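For reference, the structure discussed in these notes is given below.
Number of protein chains: 2
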Amino acid sequence: MSENVVQRLRDEIENGIISNDFAPGARLDEVQLATRFGVSRTPVREALMQLNAIGLIEIRPRRGAVVIDPGPHRIFEMFEVMAELEGLAGSLAARRFTDADRTTILAAHADCERSSSAGNSDAYYYDNERFHKAIYAASHSGFLAEQCVALHRRLQPYRRLQLRVRNRVATSFAEHGAIVEAILAGDAEQARTLLRQHVSIQGERFSDLVATLASR
Amino acid sequence: MSENVVQRLRDEIENGIISNDFAPGARLDEVQLATRFGVSRTPVREALMQLNAIGLIEIRPRRGAVVIDPGPHRIFEMFEVMAELEGLAGSLAARRFTDADRTTILAAHADCERSSSAGNSDAYYYDNERFHKAIYAASHSGFLAEQCVALHRRLQPYRRLQLRVRNRVATSFAEHGAIVEAILAGDAEQARTLLRQHVSIQGERFSDLVATLASR
DNA sequence: GTCAATGCTCTTGCATACAAGATTTATCGT
DNA sequence: ACGATAAATCTTGTATGCAAGAGCATTGAC
Numbered sequence: 001m002s003e004n005v006v007q008r009l010r011d012e013i014e015n016g017i018i019s020n021d022f023a024p025g026a027r028l029d030e031v032q033l034a035t036r037f038g039v040s041r042t043p044v045r046e047a048l049m050q051l052n053a054i055g056l057i058e059i060r061p062r063r064g065a066v067v068i069d070p071g072p073h074r075i076f077e078m079f080e081v082m083a084e085l086e087g088l089a090g091s092l093a094a095r096r097f098t099d100a101d102r103t104t105i106l107a108a109h110a111d112c113e114r115s116s117s118a119g120n121s122d123a124y125y126y127d128n129e130r131f132h133k134a135i136y137a138a139s140h141s142g143f144l145a146e147q148c149v150a151l152h153r154r155l156q157p158y159r160r161l162q163l164r165v166r167n168r169v170a171t172s173f174a175e176h177g178a179i180v181e182a183i184l185a186g187d188a189e190q191a192r193t194l195l196r197q198h199v200s201i202q203g204e205r206f207s208d209l210v211a212t213l214a215s216r
Numbered sequence: 001m002s003e004n005v006v007q008r009l010r011d012e013i014e015n016g017i018i019s020n021d022f023a024p025g026a027r028l029d030e031v032q033l034a035t036r037f038g039v040s041r042t043p044v045r046e047a048l049m050q051l052n053a054i055g056l057i058e059i060r061p062r063r064g065a066v067v068i069d070p071g072p073h074r075i076f077e078m079f080e081v082m083a084e085l086e087g088l089a090g091s092l093a094a095r096r097f098t099d100a101d102r103t104t105i106l107a108a109h110a111d112c113e114r115s116s117s118a119g120n121s122d123a124y125y126y127d128n129e130r131f132h133k134a135i136y137a138a139s140h141s142g143f144l145a146e147q148c149v150a151l152h153r154r155l156q157p158y159r160r161l162q163l164r165v166r167n168r169v170a171t172s173f174a175e176h177g178a179i180v181e182a183i184l185a186g187d188a189e190q191a192r193t194l195l196r197q198h199v200s201i202q203g204e205r206f207s208d209l210v211a212t213l214a215s216r
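Same order as they appear, the protein sequences are chains A and B. The numbering of the first sequence is UniProt numbering, which starts it at 1 and goes up by one. The numbering of the second sequence is UniProt numbering, which starts it at 1 and goes up by one.
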């Protein structure tokens, strides 16, 4: 329970940003956060410095911290990179997966099927996350997995918006099927291509995102 | 000159780590750093929190901060991701480069030629960095460019070791030539493939890296 | 002589205090 | 009445102080 205070604050504030409790552009007042969490300003500042280093907030000298607002264009760029990393994870997974990896992937895929056919988009959201994390793990690249998890986390709110689009859940699940097939067949290039397409938000999916962002 | 103290400390310590002044595994004593830079412990701690968030150091509760030592395997993983990101940057650059981008890339390439044929591997190191940054910029993806620069920076010490290997500078420059050609020809897939190969450290280049690391 | 236990010291973690810049409000002048 | 300037207040940035835990040394026992 010692250093955990800063770590706890970091997670709490980060979650607050991701769950949109702290909206983009919002000011993060140090004393306010300190009293809210029942600590002094020091650990709050240390947590904010970490979020600043990650790129979630911006600290303007003498003017406080604000939640960064990545415009639609930058969000698109982030998905572009995410697609590339997922593609790499998929291709590595196809070459390196073990029996345990196969089991985990198939289990997550089965859960996705359940929540998808039940039409439960919230449940699908979590099962989808497990599915993708199973692929990261199967890539057997710790660094890649970390990068993917971090980016996935940052894109969480927008991913969530996307699933609200009509039929997106069903489409997503269908794509998962092909991805699983490619990976388990050991087809690295096919897995890479499919995952890249699955993750990237080209064409009308980008328009949908912009529209949903604007209406928020 | 206000918040810049923390930022300055962050950069100084980060540079110290990258230039191996603070070797992997070294303890970073707060008071020691504070007196060394003529400040109090508070900004030092805040800088350390940032480096911790980036993943350059590890802060063990009540036991201080140590420089992270990524073993050879993890370094390989980092190069693997770097290769993928550079490949993406190259493919985007091939599709999006402007006249100004072409000029910058060619200028950096010309500088590389100078330092390469002069056999000056230190100079080549810097020109090489400019060359790669020119490609990031030409990708016209701000987020991708940031990610590339950050990873490039973290891999700096190992990249530097690599250039010491016999003929690596000449080989590197030759690869640059083909990359420039592919990008300026607008051949996105070729640019991606060449850059990926250029950056990744497969086969004997990995052995060289491990050997050089061990002898350090 | 060696191992273990206890106490001391040193470092970290958090809080508070103080200083400096930014913002807001109030007052004065036109 | 509106705008500008100055003062007051609020917030951030840095230093210092205090408490608690981890490491180290010394001493005692077997």
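Just so it is clear, CB atoms sit at the ideal spot from N, CA and C, and this is done for glycine as well. Nothing here was measured: the structure is a model prediction, and the numbers come from that model.
Output needed for residue 229 of chain B: all residues of its chain with C-beta closer than 8 Å, excluding positions within five of it in sequence on either side, in chain order. For chain B, the structure presents residues 1 to 216; residue 229 of chain B sits outside this window and is missing.
For chain A, check one thing: does any of its Cβ atoms lie closer than 7 Å to the Cβ of residue 74 of chain B? yes
Would you identify the three-state DSSP class for residue 185 of chain B, choosing helix, strand or coil? coil
If I'm right that residue 51 of chain B touches residue 8 of chain B with Cβ under 8 Å, what's the distance once you round it to whole angstroms? Actually they are not in contact, since the Cβ atoms of residue 51 of chain B and residue 8 of chain B sit about 13 Å apart, beyond 8 Å.
Taking the C-alpha atoms as reference points, what is the distance between residue 87 of chain B and residue 167 of chain B? 23 Å
Apply the 10 Å Cβ neighbour rule to residue 32 of chain B and answer buried if 16 or more other Cβ atoms are within range, or exposed otherwise. exposed
Which runs of the alpha helix (DSSP H), 4 residues or longer, sit entirely within the region 125-170 of chain A? 142-163
CA-to-CA distance, residue 81 of chain B to residue 79 of chain A, given in whole angstroms: 16 Å
Between the alpha carbons of residue 20 of chain A and residue 164 of chain B, how many angstroms are there, rounded? 49 Å
Rounded to the nearest angstrom, how far is the Cβ of residue 125 of chain A from that of residue 160 of chain A, given a contact under 8 Å? 6 Å
Mind checking which residues open and close the beta strand (DSSP E) that includes residue 60 of chain A? 57-60
Using a beta-carbon distance cut-off of less than 8 Å, what residues from the region 132-145 of chain A approach chain B? 141, 142, 143 and 144
Chain-ordered residues of the region 17-31 of chain A with a beta carbon less than 8 Å from chain B: none
What residues of chain B sit near residue 54 of chain A, judged by a beta carbon separation below 7 Å? 53
Exposed unless 16 or more other CB atoms sit within 10 angstroms - verdict on residue 200 of chain A: buried
Along chain B, in chain order, which residues have C-beta atoms closer than 9 Å to that of residue 80 of chain A? 88, 92, 141, 143 and 144
Should residue 73 of chain B be labelled buried (16 or more other beta-carbon atoms within 10 Å of its own) or exposed? exposed
Return yes when the Cβ of residue 67 of chain A is within less than 7 Å of the Cβ of residue 18 of chain A, no when it is not. no
Note down, in chain order, every chain A residue with its Cβ under 7 Å from the Cβ of residue 184 of chain B. Correct list: empty, because the minimum Cβ distance to chain A is about 22 Å.
Anticipated Cβ contact below 8 Å, residue 30 of chain A with residue 45 of chain A, distance rounded: 6 Å
Would you please verify whether the beta carbon of residue 190 of chain A is less than 7 Å from any beta carbon of chain B? no
Compute the distance between the beta-carbons of residue 109 of chain A and residue 169 of chain A, then report whether it is under 7 Å. no
On a Cα-Cα basis, can you pick out the residue from A/113, A/178, A/75 and A/115 that is closest to residue 205 of chain A? A/75
For residue 63 of chain B, the nearest candidate out of B/27, B/198 and B/48 (CA to CA): B/27
Which stretch, first to last residue, makes up the alpha helix (DSSP H) that contains residue 16 of chain A? 4-18
Is it buried or exposed, residue 101 of chain B, if we count other Cβ atoms within 10 angstroms and call 16 or more buried? buried
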